[in-house]
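Going left to right, the sequence shown walks through residues 715 to 849 as our numbering numbers them.
We put the CB at the ideal spot given by N, CA and C, even for glycine.
Report on the following structure.
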Amino acid sequence: MNKKVQEELFRKLYDQTYTGLRRFVQYRSRNLHMTDDILQEIYLEMFRHIDELVVHQNQIGWIYKTAEFKIMKLNEVYDRNASRELGNPDFTEPLTDDDTEGIVQLEEYRGILKEDEFALVMKRYIEGYSYKEIG
């Protein structure tokens, strides 16, 4: 695949996801000061796998799944460092993300809900809009 097509796809996906992904990262991250760094990591990973994304059936879902993984890893490091600072260097509790299944379920609802209904669900649960903002 040529670079022009790769760049166009990257720009298209970036423009489609930036605002929502930024809200998602801020909502899920334990360290709000790292939002821009997490976004940079997500988009770097997206660019590395741009050839796969061209043929992927759910490009935006892939991006959000990558975001979840990056946030989970960063939160793990953040918790470990905070634990050491508090004097508990033996902190080994595995961190889990209970909402991981929620993303998968949302994608299943894509086929069930009308497009405008699904967009409202995405705004509430993925992008972090309040009910008042949606209304």
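Does DSSP classify M836 as helix, strand or coil? DSSP places M836 in helix when its eight states are reduced to three.
Given H763 as reference, the closest of E721, D751, K787 once Cα atoms are compared: With distances taken between Cα atoms, H763 lies closest to E721.
Exposed unless 16 or more other CB atoms sit within 10 angstroms - verdict on S743: With 16 or more Cβ atoms within 10 Å of its Cβ, S743 is classed as buried.
Alpha carbon to alpha carbon, how far is S844 from G825? Between S844 and G825, the C-alpha separation is close to 24 angstroms.
Could you tell me the alpha carbon to alpha carbon distance between E759 and K784, rounded to whole angstroms? Rounded to the nearest whole angstrom, the CA to CA distance from E759 to K784 is 10 angstroms.
Rounded C-alpha distance that separates T749 from D793: CA-CA distance, T749 to D793, rounds to 16 angstroms.
Buried or exposed, going by whether 16 or more other CB atoms sit within 10 Å of the CB of L735? Buried, by the Cβ-count rule.
Test item: CB-CB of L753 and V769 under 8 angstroms: No.
Quick check: what's the CA-CA separation for Q771 versus Y757? Separation of Q771 and Y757 (C-alpha to C-alpha, rounded to the nearest whole angstrom) is 18 angstroms.
Spatial neighbours of L834 within its chain, please: C-beta separation below 7 angstroms, excluding the five flanking residues on both sides. Sequence-distant Cβ neighbours of L834 in its own chain, meaning closer than 7 angstroms and more than five residues away, are I848.
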